[in-house]
Amino acid sequence: MSDDGERSGERDQFRRGLPDHHDPTSGIGGAPPARSALTLRLVLAIFGLVAGVLLALWASRVDAPTILVVVPAVMAVTAAVDIVVVARRKRRGEPG
1 MSDDGERSGE RDQFRRGLPD HHDPTSGIGG APPARSALTL RLVLAIFGLV AGVLLALWAS
61 RVDAPTILVV VPAVMAVTAA VDIVVVARRK RRGEPG
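What the sequence shown shows, in full-length UniProt numbering, is residues 1 to 96, in sequence order.
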């Protein structure tokens, strides 16, 4: 099977819902089923990456204590990893 065929199958699976998922509140008040907020998560991760890099650069430039340089740098690395994870999930076809 080609790579496109496999991705199409995964997209269909996400449209139908993941196996063994049960939402006890799905029919209450006519509320639509919950959807993943991957796009929002991606935007927030990009903001965290930019803010972390800028804050770490600024703190190192003003000779701040080491902890004030390391913490934003760790935040930026965490945001970068999250961007990769979210981008892979969106490319797989997950909604959001």
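Note that beta-carbon positions come from the ideal geometry of N, C-alpha and C, so glycine has one too.
Quiz item: Helix, strand or coil for Ala37 per DSSP?
Solution: Counting from one through the sequence shown, the residue named residue 37 turns up at place 37. Ala37 falls in the coil class under three-state DSSP.
Practice problem: Would you mind stating whether Leu38 and Ile83 have Cβ atoms separated by less than 8 angstroms? | Solution: Here the question's residue 38 lines up with position 38 in the sequence shown. Here the question's residue 83 lines up with position 83 in the sequence shown. The beta carbons of Leu38 and Ile83 sit no closer together than 8 angstroms.
Self-check item: alpha helix (DSSP H) segment containing Pro72, residue limits
Solution: The residue given as residue 72 occupies position 72 in the sequence shown. Start and end: 66 to 92.
Self-check item: DSSP state of Gly48 mapped onto helix, strand, coil
Solution: On the sequence shown, position 48 is the one that residue 48 refers to. Reduced to three states, the DSSP call for Gly48 is helix.
Quiz item: When you compare only the Cα positions, how much space is there between Ile67 and Ala56?
Solution: As a position in the sequence shown, residue 67 is number 67, starting the count at 1. As a position in the sequence shown, residue 56 is number 56, starting the count at 1. Straight-line spacing of the CA atoms in Ile67 and Ala56 works out to 10 angstroms.
Quiz item: Excluding five sequence neighbours on each side, which residues of the same chain lie with their C-beta closer than 8 angstroms to the C-beta of Gly48?
Solution: Residue 48 sits at position 48 when you count from the first residue of the sequence shown. Excluding sequence neighbours, Gly48 sits near Met75, Ala76, Thr78, Ala79, Asp82.
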